[in-house]
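Asker: So in our numbering, spot 17 of the sequence shown is number 31, and the numbers just go up one at a time. C-beta atoms are modelled at their ideal positions from N, C-alpha and C, and glycine is treated no differently.
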Amino acid sequence: MKKVLFLVGVLLFSSLNLLFGQHLEIVDLEGKVLVRKVPLTWQSAKLGMFLDKDYELKTYSNSSCILAFDSELENVIKISENSQVKIESLFPSRVFISQGRIFSLIKDLRQAQSFKVRTPVAVAGARGTGWISSFGGSAEFLCLEDSIHIQGFDPQGNLTGEEDVDEGFGIEVDEDGELGDIFKLTSEDYQDWQGFKEDLGEIMEERGEEETVGEKEGEDSEESLEYMENLRDEDLEDVRRETQEDQSQVFQEEKRAEEEQRDTTVSREGDQGGGGTLQGGY
Numbered sequence: 015m016k017k018v019l020f021l022v023g024v025l026l027f028s029s030l031n032l033l034f035g036q037h038l039e040i041v042d043l044e045g046k047v048l049v050r051k052v053p054l055t056w057q058s059a060k061l062g063m064f065l066d067k068d069y070e071l072k073t074y075s076n077s078s079c080i081l082a083f084d085s086e087l088e089n090v091i092k093i094s095e096n097s098q099v100k101i102e103s104l105f106p107s108r109v110f111i112s113q114g115r116i117f118s119l120i121k122d123l124r125q126a127q128s129f130k131v132r133t134p135v136a137v138a139g140a141r142g143t144g145w146i147s148s149f150g151g152s153a154e155f156l157c158l159e160d161s162i163h164i165q166g167f168d169p170q171g172n173l174t175g176e177e178d179v180d181e182g183f184g185i186e187v188d189e190d191g192e193l194g195d196i197f198k199l200t201s202e203d204y205q206d207w208q209g210f211k212e213d214l215g216e217i218m219e220e221r222g223e224e225e226t227v228g229e230k231e232g233e234d235s236e237e238s239l240e241y242m243e244n245l246r247d248e249d250l251e252d253v254r255r256e257t258q259e260d261q262s263q264v265f266q267e268e269k270r271a272e273e274e275q276r277d278t279t280v281s282r283e284g285d286q287g288g289g290g291t292l293q294g295g296y
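#1: For E212, which residues of its own chain have a beta-carbon under 7 Å away from its beta-carbon, when the five flanking residues on both sides are left out?
#2: Quick one: what does DSSP say I93 is sitting in, helix, strand or coil?
#3: Please determine, among S85, S103 and G150, the residue with the shortest C-alpha to C-alpha distance to E220.
#4: Measuring straight from C-alpha to C-alpha, what distance separates D178 and K130?
#5: Quick one: Cα of H37 to Cα of G144, how far?
#6: What distance in whole Å lies between the Cβ atoms of V49 and Y69, which are believed to be in contact at a cut-off of 8 Å?
#7: Report buried or exposed for T55, applying the criterion of at least 16 other Cβ atoms within 10 angstroms of its Cβ.
#8: From the DSSP secondary-structure annotation, give me the bridge partner or partners of D180.
#9: Cα separation between V187 and N96?
#10: Given that a residue counts as buried once 16 or more other Cβ atoms are within 10 Å of its Cβ, and exposed if not, what is L81?
#11: Taking the straight line between their C-alpha atoms, what separation do you get for S147 and N172?
#12: Check the DSSP bridge columns for D195 and list the partner residues they point to.
#13: Run through the DSSP bridge pairs and tell me what S147 is partnered with.
#14: Suppose you measure from the CA of L193 to the CA of D42; what does that come to, to the nearest Å?
#15: By the 10 Å Cβ neighbour count, where 16 or more other Cβ atoms means buried, how is E176 classified, buried or exposed?
#16: Output needed for F183: all residues of its chain with C-beta closer than 7 Å, excluding positions within five of it in sequence on either side, in chain order.
#17: Assign E39 to one of three DSSP states: helix, strand, or coil.
#18: Measure the CB-CB distance between I217 and L104 and report whether it falls below 8 Å.
#19: With a threshold of 7 Å on Cβ separation, who are the neighbours of G298 within its own chain once the five nearest residues in sequence on each side are excluded?
#20: From this set, E154, G139 and S161, which residue's C-alpha is nearest E189's C-alpha?
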């Protein structure tokens, strides 16, 4: 019972942390992913790890990592292979890509006013949408759901321009922070996004099964405790019954032994009395 209550408390505490945006949780890992709290050294990322401001993540080839702002997985980002990302802020939420690609699905950040993805040459922001951001000298932003707001910056940090990009379109920002023309997304872009959504669906299904298993384990624990209590009571009753039976059997055996001993004594006395009469007749 105590173990079950402890697990419930841990899950509740974790859910509250995510609810108020105090942490990002690693909900999926694939391949080699490293993490560190700046300026500490890199270490292997672990599933279920909580991250906050100033954490950096690095993924290698054929590797990826999904971070969640909430337990319902309504606000998540996926860091693709060969990427390096830093969590710059949680209020409002902002991540920085120095290299690579990330998927962002933001539906309802409760306390953060907006979510932004920053690169060395541009910033993409939204309050509720889905898009893909990438950087490798120049930046590219692909809007898959709703719309995003893009701002370009030159190497000195001066604003070069800004643009709203609607669903189904994308934009590139060159190494000088100049915004390019808006273009239509390709079927490959949609396939990548669909793959990301499918990954989320699998994670949600797995987490749902874990919760169901946890609930079932709790029920099983309660049933087991009740069974053990009943079994204990039954065992005690059996012991009492067996003890009474044993005592009755012992009493009967003692009684039979006493009767046999008494009969033997009477028989011996009778034999001795008969012998004396015979001797007297001679």
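Answerer: In terms of the structure at hand:
#1: As a first step, residue 212 must be located in the sequence shown, where it is residue number 198. There are no such residues.
#2: In the sequence shown, residue 93 corresponds to position 79, counting from 1. In this structure, I93 counts as strand in the three-state DSSP scheme.
#3: Locating residue 220 in the sequence shown gives position 206, counting from the first residue. The candidate whose alpha carbon is nearest that of E220 is S85.
#4: As a working note, residue 178 is residue 164 in the sequence shown. As a working note, residue 130 is residue 116 in the sequence shown. Distance between the alpha carbons of D178 and K130: 14 Å.
#5: By one-based count along the sequence shown, residue 37 stands at place 23. By one-based count along the sequence shown, residue 144 stands at place 130. One C-alpha to the other measures close to 20 Å.
#6: As a first step, residue 69 must be located in the sequence shown, where it is residue number 55. As a first step, residue 49 must be located in the sequence shown, where it is residue number 35. With a Cβ gap of about 6 Å, Y69 and V49 count as contacting.
#7: Mapped onto the sequence shown, residue 55 falls at position 41. By the 10 Å Cβ count, T55 comes out exposed.
#8: Indexing the sequence shown from 1 puts residue 180 at position 166. Answer is S161, bridged to D180.
#9: Within the sequence shown, numbered from 1, the residue matching residue 187 stands at position 173. Within the sequence shown, numbered from 1, the residue matching residue 96 stands at position 82. Distance between the alpha carbons of V187 and N96: 20 Å.
#10: In the sequence shown, counting from the first residue as 1, residue 81 sits at position 67. Buried, since its Cβ has 16 or more Cβ neighbours within 10 Å.
#11: On the sequence shown, position 133 is the one that residue 147 refers to. On the sequence shown, position 158 is the one that residue 172 refers to. C-alpha separation (whole angstroms): 21 Å.
#12: Taking the sequence shown and counting its residues from 1, one reaches residue 195 at position 181. Note: D195 sits in no beta bridge, so no partner.
#13: The sequence position of residue 147 within the sequence shown is 133, counting from 1. According to DSSP, which records beta bridges pairwise, S147 is partnered with I116 and F155.
#14: Residue 193 sits at position 179 when you count from the first residue of the sequence shown. Residue 42 sits at position 28 when you count from the first residue of the sequence shown. Those two C-alpha atoms are separated by around 34 Å.
#15: Numbered from 1 along the sequence shown, position 162 holds the residue referred to as residue 176. The residue is exposed, with fewer than 16 neighbouring Cβ atoms inside 10 Å.
#16: The count along the sequence shown starts at 1 and reaches residue 183 at position 169. Result list for F183: C157, I196, F197, K198 and L199, in chain order.
#17: Sequence index remark: in the sequence shown, residue 39 carries index 25 (1-based). If DSSP states are grouped into helix, strand and coil, E39 belongs with the strands.
#18: On the sequence shown, residue 217 is found 203 positions in, with the first residue counted as 1. On the sequence shown, residue 104 is found 90 positions in, with the first residue counted as 1. Cβ atoms of I217 and L104: not closer than 8 Å.
#19: Because the chain in this structure spans residues 15 to 296, residue 298 falls outside the shown range and cannot be described.
#20: Counting from 1 along the sequence shown, the entry for residue 189 is found at position 175. If we check each option's Cα against that of E189, E154 comes out closest.
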